[in-house]
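In my numbering, the protein residues as written are -3 to 619. The beta carbon of each residue, even a glycine, is placed where N, CA and C say it ideally should be. Model, not experiment: these values are computed from the prediction. Down below is the structure, laid out as structure tokens.
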Amino acid sequence: DQGGSGGIIDVPQVVGLELDPPAIQIDVLNGVSTPVAVTARLVKDDGSKEDVVPTGWALSRGGIADFDSATNEVSAVGDLGGEVTLTAASGSLTATSQIKVRLTLTDTAPEVTPSDIAALDGAVNPDPTASWLYPYDSTVFPQGLLPPRLMWNGFAGGDKMRVSVRSTYADYTRYFVATEGAHDFDNAAWTQLTESSDGTPVQITVSRMDAGGGVGKVMEQSWRFATGSLRGSVYYWANSPGRVLRISPGAGAPEDFLAQAGVTDGCTTCHTVSANGNTLVLGNGKAQSATDSDSSVFDLQAGSVTATARGRGWAMSALTPNGQYAVMNSGLPEWRWVGNDLPGVYDVATGAAVPGTALDGRVVGLPAFAPDGSSLLFIDPSTRDLHAMDATLGAGVPAFANERKVALAASGATIAYPSVSPNGKWAVFHRGPYDTRSGAADLSIAAVDGTQVEIPLDRLNGTTYPFGAGDRDRHLNYEPTFAPVASGGYFWVVFTSRRTLGNRLLGSAAEVKQLWVAAIDMNPTAGTDPSHSAFWVPGQDINQPNMRGFWALDPCRQDGEGCSVGSDCCTGSCIDDPNGSGSLVCGNPGNQTCAPEGGHCEVSSDCCQGECVNSFCSQAPPK
């Protein structure tokens, strides 16, 4: 513009947008926090700034913080810690502010005085009389489970205790008077701790003050909380009812689903479940006129049972991931229940043999398909070596080729119960007797490609771990099965163990048999143990032996049904409810540019982060 004197007025131009403050930390103490005001400003080329009302605000994820556009305040939801990005838009300009929410959870019993707290907080030296039992150091816990019970020996009446958990986004401290050598986390607090994790190490300390005022550390460990939940359910044989039961992560008790479907006989065992969770094959499981030696097929969606009349030839068979075909377990003298059938491939729906495969008449022991259908593992009955063949499972007859040896029986104890990792690259198995009622056994993994790279899972096995029960708990690990998908950046293995459980489950190895789970790093390398310490599966009946856990996805859910991650859904996508309920439902991801953790993928480039493992995205945890 020209002024009256003929000069030019230079009007400052808008060159950017900023949020003040650019970074925010909100501390939440037992659910209480203070909102923080955010101001948006236009930035001009002369360095001046002008407050502005943005045309839009957005948070990068829900559940951690909320933004009130009426007051321009950001507040913590209060349930979870973590980081979230607040983005403001004004015209074509955008600006962000990083919001960090930290939780502090405290619980102090009235009997614990301020001076007691100061003494417990200041404990440095190990407790001279107490000894730690469970959980183990270096355990990885997934989200979505009931919390572990902390257990120790050396309890005395009147002990005052401090339990401390320290992580990036959440701290927990409880002061209490112990009534036993144990501590149970509040379920809600445990959920907050695990779901506020970024996957980095978590520090746990337990300290004790005895009646005389002496203070010491009972335990100081490092755990990790995985950034995802276990997916699917574990089908296992429970000794007392003599049936296969089902337990889902987070459940407080197993489900006697066979009894609910009218199958109540006491020898439904030697089972296999398809990776997609649709089909269960039992060594027995009477239906109509079935005899005790009949195998049965159980439709896990319809709840029906069909006797196959195949003798026990289908016991411990291998099921293709979709449950369409079974490869007979026919090669071990201990379980040579072939009946009237020849070894080979069978149609599960009809019971008819499927001729024309490389397995026609081929005797194989304890076969197992990879969850992605890429290979079949089995034990050669003549050498007891573990073999693999590539599998092609298309619309036609299954095809098998490229047989190779994965692990040699001659290099150690007998190989039994192989299972294949979600990416099809690794086999887990136990080296020890087929009959798990006696004899030592430990778990190993080996490369499926035939290079015969074998890695003992020493941390999972507890080979050198200082168990509270000492050597009594060593070399008692059997029957491993991989979960069909990775989650939280790990593979997961469920296995049977005859070890003790803290001070809760004692007795000889003959009296103790329960299911345990351990995390396995997704990309093992030769010479490095990829396993982590194991944890007991919560919800089992601890008063009966449980064994042979077989992991499978739950039957997929249709669009509109609730979900947690994409692997819950038939479409592979779990999205915000388009109806505005605030919940997650299965549905069409629309214009989503990449798949999140647990979302469907074809290749790793489909994933926002991490890699594509058996059609679902999983991100490895921080180092």
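Can you pull the DSSP bridge partners for residue i?
i, result
"residue 226", "According to DSSP, residue 226 bridges with nothing at all."
"residue 529", "135"
"residue 452", "440"
"residue 191", "Answer is none; residue 191 lacks a bridge partner."
"residue 538", "Beta-bridge pairing links residue 538 to no other residue."
"residue 473", "493"
"residue 568", "According to DSSP, which records beta bridges pairwise, residue 568 is partnered with nothing at all."
"residue 78", "97"
"residue 349", "342"
"residue 21", "96"
Using a Cβ-Cβ cutoff of less than 7 angstroms, which residues in the same chain neighbour residue i once the five nearest sequence positions on both sides are dropped?
i, result
"residue 176", "151"
"residue 585", "569, 571"
"residue 440", "425, 427, 450, 451, 452, 453"
"residue 107", "173"
"residue 393", "350, 352, 353"
"residue 610", "367, 368, 418, 419, 480, 481"
Tell me the rounded alpha-carbon separation between residue i and residue j.
i, j, result
"residue 186", "residue 28", "18 angstroms"
"residue 88", "residue 557", "37 angstroms"
"residue 332", "residue 377", "Confidence is the limiting factor: at residue 332 the pLDDT is only 48, short of 50, which leaves the residue's position unreliable, though a coordinate-based value still follows. Roughly 11 angstroms between the two C-alpha positions."
"residue 11", "residue 273", "56 angstroms"
"residue 468", "residue 254", "35 angstroms"
"residue 387", "residue 371", "5 angstroms"
"residue 212", "residue 406", "49 angstroms"
"residue 232", "residue 445", "29 angstroms"
"residue 314", "residue 352", "18 angstroms"
"residue 514", "residue 201", "22 angstroms"
"residue 92", "residue 81", "7 angstroms"
"residue 599", "residue 297", "29 angstroms"
"residue 470", "residue 511", "15 angstroms"
"residue 346", "residue 295", "13 angstroms"
"residue 560", "residue 44", "47 angstroms"
"residue 48", "residue 582", "39 angstroms"
"residue 194", "residue 69", "25 angstroms"
Does DSSP classify residue i as helix, strand or coil?
i, result
"residue 310", "coil"
"residue 13", "strand"
"residue 149", "strand"
"residue 113", "helix"
"residue 468", "helix"
"residue 27", "coil"
"residue 600", "helix"
"residue 605", "coil"
"residue 253", "helix"
"residue 332", "For residue 332, the predicted model reports a pLDDT of 48, less than 50, meaning its position is unreliable and no value from the coordinates is stated."
"residue 8", "coil"
"residue 234", "strand"
"residue 398", "strand"
"residue 288", "Only weak support is given to the placement of residue 288: the predicted model assigns it a pLDDT of 48, under 50, and the value that follows is read from those uncertain coordinates. Three-state result, residue 288: coil."
"residue 620", "Only positions -3 to 619 of the chain appear in this structure, which leaves residue 620 out of reach."
"residue 127", "strand"
"residue 369", "coil"
"residue 390", "coil"
"residue 405", "helix"
"residue 611", "coil"
"residue 185", "helix"
"residue 545", "strand"
"residue 118", "coil"
"residue 86", "strand"
"residue 361", "strand"
"residue 577", "coil"
"residue 619", "coil"
In chain order, what residues of the same chain lie with their CB nearer than 6 angstroms to the CB of residue i, ignoring the 5 residues before and after it?
i, result
"residue 429", "435"
"residue 17", "none"
"residue 243", "230, 250, 535"
"residue 278", "264, 267, 292"
"residue 167", "100"
Is residue i close to chain D? Criterion is C-beta to C-beta, closer than 8 angstroms.
i, result
"residue 64", "Looking for chain D here will not work: only one protein chain is present."
In chain order, what residues of the same chain lie with their CB nearer than 8 angstroms to the CB of residue i, ignoring the 5 residues before and after it?
i, result
"residue 67", "31, 33"
"residue 61", "22, 55, 70, 71, 72, 73, 80, 82, 95, 97"
"residue 223", "139, 193, 194, 195, 484, 485, 593, 615, 617"
Would you be able to state if there are at least three C-beta pairs under 8 angstroms between the region 520 to 538 and the region 249 to 261?
As far as the Cβ criterion goes, the region 249 to 261 touches the region 520 to 538, which means the pair count is three or higher.
Meets three-Cβ-pair contact criterion under 8 angstroms: the region 145 to 159 and the region 203 to 210
The answer is yes - the region 203 to 210 touches the region 145 to 159, with three or more Cβ pairs under 8 angstroms.
Taking three-plus beta-carbon pairs below 8 angstroms as touching, is the region 360 to 371 in contact with the region 412 to 422?
The region 360 to 371 makes contact with the region 412 to 422, as at least three CB pairs between them are under 8 angstroms.
Using 8 angstroms as the threshold, is the region 113 to 128 in touch with the region 513 to 530, meaning 3 or more CB pairs across them?
Put simply, the region 113 to 128 does not touch the region 513 to 530. Fewer than three CB pairs are less than 8 angstroms apart.
Inspect the CB distances between the region 131 to 143 and the region 113 to 120 and report whether three or more fall short of 8 angstroms.
The answer is no - the region 113 to 120 does not touch the region 131 to 143, with fewer than three Cβ pairs under 8 angstroms.
Contact between the region 579 to 598 and the region 460 to 474 (3+ Cβ pairs under 8 angstroms):
No, they do not touch.
Does the region 31 to 42 come close enough to the region 542 to 551 to have 3 or more Cβ pairs within less than 8 angstroms?
Not touching, per the Cβ criterion.
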